[in-house]
Structures are given as structure tokens and as C-alpha cells.
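**Student:** Residue numbers (my numbering): 123 to 251. I'd like to ask you about the structure that follows.
What follows is the structure, given as C-alpha cells:
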């Protein structure tokens, strides 16, 4: 089969056809592939595009969420659970930091450096995607 022969990654995203061709699109977090089957000439054309790192990260978050089959629903739920856990862990960590280390100057320097690193990283990602 073409999927195995050409190492096409992902799952079928869309099937469509017109009077001349049948299109099948495959998508994964790191690759997009379109296969075109010609009805009259029996030709097959395959276009594969590898995604950049940024597009791969976006692809991970857009794996059809809660609208796919059961494995994708479980994936979306676990992704949401991890996201909420990270947010809660971060907020409670900052609260603990403030309560436990009020007068520790080195701790505040480390905290400030981490906060500065976070702000710069977010700024760079937003300005230079």
C-alpha cells in the first residue's frame, strides 16, 4: 500500500473527489501528505510536507481534540489534564516561594532570573514566531 511504501505518517484527515481525481489527506504533528489518484490516467501524485518545529507543536495541540475517535479523545483529555496540572503546580509553587523565602535574597535573585527568562522567552516567541 502507498502508506507503507512512502512512509506516510498520521491519519486520514480528509477524503474528497471531483470528476477527475480522488484526494486523500493525511496529517500528523510533523508531516502533511496529500495523495491524488487520477481516475482516467491511473496516475498517483504524492505531496509530502514536513512541518517546522513551531508547526509541529501547533499540530500536537490540534489533533482533533474531543471530535475524533476514542484514542484522540483520551489524548485530548490527558493533554488538558497535564496543562491544568502544570498551571496549578506553577501557581502553588510561586505562592510557596513567597511564603517560605520572604527574606532570602539569593532565592529572590533566582526567582527574578527565572521570571526574566520566562518573559524573554515568551516575548521572543511572540515577536519572532
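We put the CB at the ideal spot given by N, CA and C, even for glycine. This one's a predicted model, so the numbers in the text were calculated from it and none came from an experiment.
Threshold first: 3 residues or longer. Then list the beta strand (DSSP E) segments lying entirely within the region 142-193, N to C.
**Tutor:** Correct list: 143-149, 153-160, 166-172.
**Student:** If you draw a straight line from the C-alpha of residue 204 to the C-alpha of residue 164, how long is it?
**Tutor:** For residue 204 and residue 164, the distance between alpha carbons rounds to 47 Å.
**Student:** Could you spell out where the alpha helix (DSSP H) holding residue 137 opens and where it closes?
**Tutor:** Segment 133-139 is the beta strand (DSSP E) holding residue 137; no alpha helix (DSSP H) there.
**Student:** Report the rounded CA-to-CA distance for residue 148 versus residue 243, giving the unit in angstroms.
**Tutor:** For residue 148 and residue 243, the distance between alpha carbons rounds to 32 Å.
**Student:** So residue 245 packs on residue 233, CB below 8 Å; how close in whole Å?
**Tutor:** With a Cβ gap of about 19 Å, residue 245 and residue 233 do not count as contacting.
**Student:** Identify which residue in 138, 137, 168, 145 has its Cα closest to the Cα of residue 130.
**Tutor:** Checking every option, the nearest Cα to that of residue 130 belongs to 168.
**Student:** Express the C-alpha separation of residue 175 and residue 250 in angstroms, rounding to a whole number.
**Tutor:** Between residue 250 and residue 175, the C-alpha separation is close to 13 Å.
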